[in-house]
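Residue numbers (our numbering): 2 to 132. A quick write-up on the structure given underneath.
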């Protein structure tokens, strides 16, 4: 059992959500963009398409049936109503990617705040409560 959170809590679309990347979300990203995750990060410009795709793939583990169009609506709300920029929105994405270790980040890169004792990650069907 791991004692490190591999997800990031993020306020998105009007509520607290859990953003997490795993093999399934990486495959979804690769299918969506038509290239591997490292190539996506190296070749794609940071923009709405990239941000929307990464939120869609990273939220689907908790929100089954979430569409990329729905994520686009939530992204629009964050930008127009909350005043967030694309770069603001990409910070939790990059943090969650690092925590996933899908891109070979060593375990010791985790901050002390990521250690959560003996707690486990919430399962796919559990609710997220705001802090």
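Glycine residues also receive a C-beta, built at the ideal position from the N, C-alpha and C atoms.
Thinking just about the alpha-carbon of each residue, which of the options is nearest to the one in residue i?
i, options, result
"residue 22", "85, 60, 43", "60"
"residue 62", "91, 33, 20, 13", "20"
"residue 25", "105, 57, 14", "57"
"residue 18", "102, 103, 93", "93"
Just grab the DSSP bridge partners of residue i for me.
i, result
"residue 17", "12"
Which whole-angstrom value is the C-beta distance of residue i and residue j, which I expect to be below 8 Å?
i, j, result
"residue 45", "residue 51", "5 Å"
"residue 97", "residue 9", "4 Å"
Where does the unbroken alpha helix (DSSP H) through residue i begin, and where does it stop?
i, result
"residue 65", "Note, residue 65: premise wrong, no alpha helix (DSSP H); not H, not E."
"residue 71", "69 to 81"
"residue 99", "87 to 101"
"residue 23", "It is not in any alpha helix (DSSP H) - residue 23 carries neither H nor E in the DSSP assignment."
"residue 105", "Careful: residue 105 lies outside any alpha helix (DSSP H) and carries neither H nor E."
Distance check for residue j and residue i, CA to CA, integer angstroms please.
i, j, result
"residue 88", "residue 47", "8 Å"
"residue 95", "residue 77", "20 Å"
"residue 83", "residue 73", "15 Å"
"residue 11", "residue 40", "25 Å"
"residue 54", "residue 30", "7 Å"
"residue 91", "residue 70", "18 Å"
"residue 16", "residue 33", "25 Å"
"residue 6", "residue 100", "7 Å"
"residue 105", "residue 36", "18 Å"
"residue 80", "residue 68", "19 Å"
"residue 28", "residue 49", "20 Å"
"residue 14", "residue 75", "4 Å"
"residue 102", "residue 86", "26 Å"
"residue 42", "residue 64", "24 Å"
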